[in-house]
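Numbering of the sequence shown is given in my numbering, commencing with residue 1175 and proceeding in unit increments.
Quick reminder that beta carbons are idealized off the backbone N, C-alpha and C, glycines included.
Presented below is the structure to which this report refers.
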Amino acid sequence: MPDNILYSLVARGPVVLAEHSNVSGNAHLVAHRILEKLPQNHDSRVSYTQERHLFHVLISDGITFLCMTDEAFARRIVFAFLADVRERFFSQFGDSAQGAVAYEYNTDFSQVLHERGVYFSENPRADTINRVRGELAEVKNIMVENIEKVLDRGERIELLVDKTDHLQQESFVFRREARQLKNKLWWKNLRLWLVIAGVAVLLLYIAIAVVCGPTLHCSK
């Protein structure tokens, strides 16, 4: 799962309004710590490195959109994802987000974070929205800073990311879908053989009926 959006959230300052994670570990703790240190008085876009991962941040109208990816994940797609989430969030909740309490939108918006994360992780044309807007050049200029820059002096946070649970879930889904496909093919083959058998019986009946008549009583 090297090219997936591993974790994402929407927040107002340090108040998390909705979040979704594809991994276990402490990614949410690191993300929440970043939120506490981010300046909220102006719109900005920035990425913070943490070992082999990056936390990408888009701040717009006082609302923070953040996600975590592996370092190899294309940043143009990351910020296309964040921009897409921003538009959907503001379209759905508008100014009400300014007075929302912690996790108020988690039930409604966590699934959106998941679905859009999957789309931008797996669709090779997911960065089209960025290309249309001509934002690629802007993405190249987004600062990539070490996460220690937003932490207190001397403070260190070790990022723990365990993808095992997610991989096990993917494996389970794959096995389940493979089993369903096998059963579907079995029933399809069974129906085919029943049709063939029915046609064979019908042809045999017709052949005998031609010789013996429709009642199948052949005279000696």
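query: Terminal residues of the continuous beta strand (DSSP E) containing L1228?; result: 1227-1234
query: Thinking C-beta only, is V1252 closer than 8 Å to I1230?; result: Going by the sequence as given, residue 1230 is His instead of Ile. Yes, Cβ-Cβ distance for H1230 and V1252 is below 8 Å.
query: Helix, strand or coil for Q1285? Go by DSSP, reduced to three states.; result: helix
query: By a C-beta neighbour count over all protein chains shown, 10 Å radius and 16 as the cutoff for buried, is Y1222 buried or exposed?; result: buried
query: Taking contact to mean at least 3 C-beta pairs separated by less than 8 Å, is the segment 1291-1300 in contact with the segment 1210-1228?; result: no
query: For my contact list, H1202 and Y1181 are in at a C-beta cut-off of 8 Å; report their separation, rounded to the angstrom.; result: 7 Å
query: Measuring straight from C-alpha to C-alpha, what distance separates I1380 and R1365?; result: 22 Å
query: Pull up the distance between the alpha-carbon of L1209 and that of G1187, whole angstroms please.; result: 6 Å
query: Assign E1209 to one of three DSSP states: helix, strand, or coil.; result: Strictly speaking, residue 1209 in this sequence is Leu, with Glu absent from that position. If DSSP states are grouped into helix, strand and coil, L1209 belongs with the helices.
query: Cα separation between R1250 and L1228?; result: 13 Å
query: Pick out whichever of L1355, V1369, N1178 has its Cα sitting closest to the Cα of A1246.; result: N1178
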